[in-house]
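J.: Would you mind keeping the following structure in view while I ask a few things?
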Amino acid sequence: MENIRIPRIVRETSRAHRLKGRSVGFVPTMGSLHQGHLSLVRYAKSENDVVVVSIFVNPAQFGPNEDFAKYPRDTERDLALLEKAGVDVAFLPQADAIYPDGFLTEIRINDISDKLCGAFRPGHFSGVSTVVNKLFNIVRPDRAYFGQKDYQQAVVIRKMAEDLNMDIELVVCPTLREKDGVAMSSRNAYLDKAERAAATVLFRALTEAASAIRQGGTTPLSVTKMMHEVLAAEPLVTEVQYAGVYDIRTLDALTEFQRANLLAIALKLGTARLIDNMLIELQTEQSGK
Ligand code: PAF
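Basically this note's numbering = 1-based index in the sequence shown + 962.
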């Protein structure tokens, strides 16, 4: 595996592969890798000749009171995992290589960036869109891989790619879960033992909502109420930021079920902010559309 810090060298390496007719798959990460990231690498490896993974804790996507400083970092361990997973290129830029002095550009995808997580993390999705745009321009991948756990991020990046005519196939891969259903996340490291046990409440609220929807006789409003009741019953939850049933593209709260529906939650357990979601497909007769 090649470890490269300089954007120009990654660009040249990637271009050399493409000139030889090799497809390039790209997995952008902020490091602190877990099995969820490694499953993205496996998808990328199965569909491309060459796999590039970036590790960059992007300051622009953290708010002033968020966890940028304490975000878990362990580059040595990450590199060992990537090497073992058969990654070809690890891209580890320094912050000033991504945001040199005088950097003035911001990519902002309106509307969908302001809903759900965006309403609680102002500027977050501009930070994500800007860095992903830069990383795409440096790596120039044929395909890029994102996890469904960050569903809104995937919607925002897909819209950016579409609106800006990017010639990149975006692949959204299923969420990997621990045995008890908790979605894998680097931020699970913030949870103490009691909070980690309480974190199962997200999966419980999602699965109970999903089975209620599948049984029929519910509305998005009644399912949303039920999700809030499940979450309220967990005493360690300090704040429910949102929970409910949403349109898979616009991310608006639904009043009628559709063929595909997004169940999504964001909450705080102690100081950790956790998100999770599920997509529920319905037969046409069950959905309003
Ligand atoms: O999902 C993440 O880890 C980050 O938001 C990403 C896509 C690497 C951009 O910094």
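C-beta atoms are modelled at their ideal positions from N, C-alpha and C, and glycine is treated no differently.
All figures in this text were calculated on a predicted structure; none of them were measured in a lab.
Nearer than 6 angstroms: is that true of the beta carbon of Asn1265 relative to any heavy atom of the ligand PAF?
T.: Lying outside 963 to 1251, the shown extent of the chain, residue 1265 is not represented and no answer is given.
J.: If you measure between the beta carbons of Gln1110 and Val1134, is that distance less than 7 angstroms?
T.: Contact: yes.
J.: CB-CB under 6 angstroms to His1086, same chain, minus the five flanking residues each way: which ones, in chain order?
T.: Once the five neighbours on either side are set aside, the close Cβ partners of His1086 are Gln1023.
J.: Please confirm whether any heavy atom of the ligand PAF lies closer than 6 angstroms to the CB of Asp1112.
T.: Yes, the beta carbon of Asp1112 sits closer than 6 angstroms to at least one heavy atom of the ligand PAF.
J.: DSSP three-state call for Gln1023: helix, strand or coil?
T.: If DSSP states are grouped into helix, strand and coil, Gln1023 belongs with the helices.
J.: Under 8 angstroms by Cβ, that's how I've got Ile1130 and Arg1105 pegged, so tell me the actual separation to the nearest angstrom.
T.: About 7 angstroms; that satisfies the 8 angstroms criterion.
J.: What residue from Ala1156, Met1240, Asn965 and Asn1095 has the CA that sits closest to Val1207's CA?
T.: The shortest Cα separation from Val1207 among Ala1156, Met1240, Asn965 and Asn1095 belongs to Met1240.
J.: Around the C-beta of Phe1065, are 16 or more other C-beta atoms found within 10 angstroms, so that it is buried, or is it exposed?
T.: Phe1065 should be labelled exposed.
J.: Quick one: measure Cβ to Cβ for Leu1168 and Ile1227, integer angstroms, because I've assumed they're closer than 8 angstroms.
T.: That belief holds up - the Cβ atoms of Leu1168 and Ile1227 are roughly 7 angstroms apart, short of 8 angstroms.
J.: On the DSSP letters alone, give me the boundaries of the alpha helix (DSSP H) that Thr975 sits inside.
T.: Note, Thr975: alpha helix (DSSP H), Pro969 to Leu981.
J.: Looking only at C-alpha atoms, which of Thr1233, Ala1234 and Gln1220 sits nearest to Gln1245?
T.: Closest option to Gln1245, Cα to Cα, is Gln1220.
J.: Measure the alpha-carbon distance for Ala1194 versus Arg980 and round it to whole angstroms.
T.: Their backbone Cα atoms lie some 52 angstroms apart in a straight line.
J.: Among Tyr1107, Glu1218 and Asn1095, which has the Cα closest to the Cα of Met1122?
T.: When only C-alpha atoms are compared, the closest one is Asn1095.
J.: CB-CB under 6 angstroms to Glu1157, same chain, minus the five flanking residues each way: which ones, in chain order?
T.: Correct list, in chain order: Leu1198, Leu1231 and Gly1232.
J.: Do you know offhand how far Leu1229's Cα is from Leu1097's?
T.: One C-alpha to the other measures close to 29 angstroms.
J.: Helix, strand or coil for Val1049, going by three-state DSSP, please let me know.
T.: Three-state DSSP puts Val1049 in coil, outside helix and strand.
J.: Near His996, which residues of its chain fall below 7 angstroms by C-beta distance, leaving aside the five closest residues on each side in sequence?
T.: Around His996: Met1146 and Ser1148.
J.: Check for me: the beta strand (DSSP E) holding Ile1227 runs from which residue to which?
T.: Where Ile1227 is concerned, the enclosing beta strand (DSSP E) stretches over Ala1222 to Leu1231.
J.: Give the DSSP bridge partners of Thr991, in chain order.
T.: According to DSSP, Thr991 bridges with Ile1017.
J.: Restricting to Cα atoms, I'd like to know which of Ala1031, Tyr1113 and Thr991 is closest to Leu1213.
T.: Among Ala1031, Tyr1113 and Thr991, the Cα nearest to that of Leu1213 belongs to Tyr1113.
J.: Using the three-state DSSP reduction, which class does Arg1139 fall into: helix, strand or coil?
T.: In the structure shown, Arg1139 sits in a strand (DSSP, three-state: E or B).
J.: To the nearest whole angstrom, what separates the beta carbons of Ser1091 and Val1118, a pair I think is in contact under 8 angstroms?
T.: Right, their Cβ atoms sit about 6 angstroms apart.
J.: What would DSSP say about Leu1244, mapped onto helix, strand or coil?
T.: DSSP places Leu1244 in coil when its eight states are reduced to three.
J.: Could you tell me whether the Cβ atoms of Tyr1107 and Tyr1005 are closer together than 7 angstroms?
T.: Cβ distance < 7 angstroms, so Tyr1107 and Tyr1005 count as in contact.
J.: Going by C-alpha to C-alpha distance, which of Met963, Pro1182, Asn1020 and Asp1029 sits closest to Val1013?
T.: Out of Met963, Pro1182, Asn1020 and Asp1029, Met963 has the C-alpha closest to the C-alpha of Val1013.
J.: Which residue marks the beginning of the beta strand (DSSP E) containing Arg1105, and which one marks its end?
T.: Looking at the DSSP string, the run of the beta strand (DSSP E) that includes Arg1105 is Arg1105 to Gly1109.
J.: Just confirm the distance between the C-beta atoms of Val1101 and Val1049, as a whole number of angstroms; I'd bet it's less than 8 angstroms.
T.: That pair is no contact at about 13 angstroms.
J.: DSSP three-state label for Asp1125, please.
T.: Helix.
J.: Can you tell me whether Tyr1152 is helix, strand or coil according to DSSP?
T.: Correct three-state label for Tyr1152: helix.
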